[in-house]
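**Student:** The structure is given below, and queries will be raised subsequently.
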Amino acid sequence: MEKGSFLRERLKETSNAQSTHDVIDRAILDHETATSAFDYYVQILAPVLPFVIFPDQTPALHSKG
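Residue numbers (the numbering used here): 24 to 88.
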């Protein structure tokens with residue numbers, strides 16, 4: 024199986040069935056794994072590579088704080 028293909032397939036399966044983007048609600052990740060990934064980003068990645076992902080079609084005006 025190609026690396027990442029399981030997650031891509033799981034995302035496809037659940038994206039059409041549910042309108043939520045929450046990976047825990049969609050049973051893609053359990054709470055422990057999601058928390059671990061978030062903590063890793065906050066503690067390790069964000070200090071050296073801060074970024075924010077905006078949904079498609081987000082106008083620049085909406086991104087101003």
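Ideal Cβ positions, reconstructed from N, Cα and C, are used throughout, including at glycine.
These figures come from a predicted structure and were not determined experimentally.
Can you find the residues in the same chain that come closer than 8 Å, C-beta to C-beta, to F54, ignoring five residues on each side of it along the sequence?
**Tutor:** As written in the sequence, residue 54 is His, which differs from the Phe given in the question. Correct list, in chain order: I47.
**Student:** Could you check the C-alpha separation between P70 and D62 for me, to the nearest Å?
**Tutor:** Taking the straight line from one Cα to the other gives about 12 Å.
**Student:** Taking DSSP as the reference, what is the three-state secondary structure of D62?
**Tutor:** If DSSP states are grouped into helix, strand and coil, D62 belongs with the helices.
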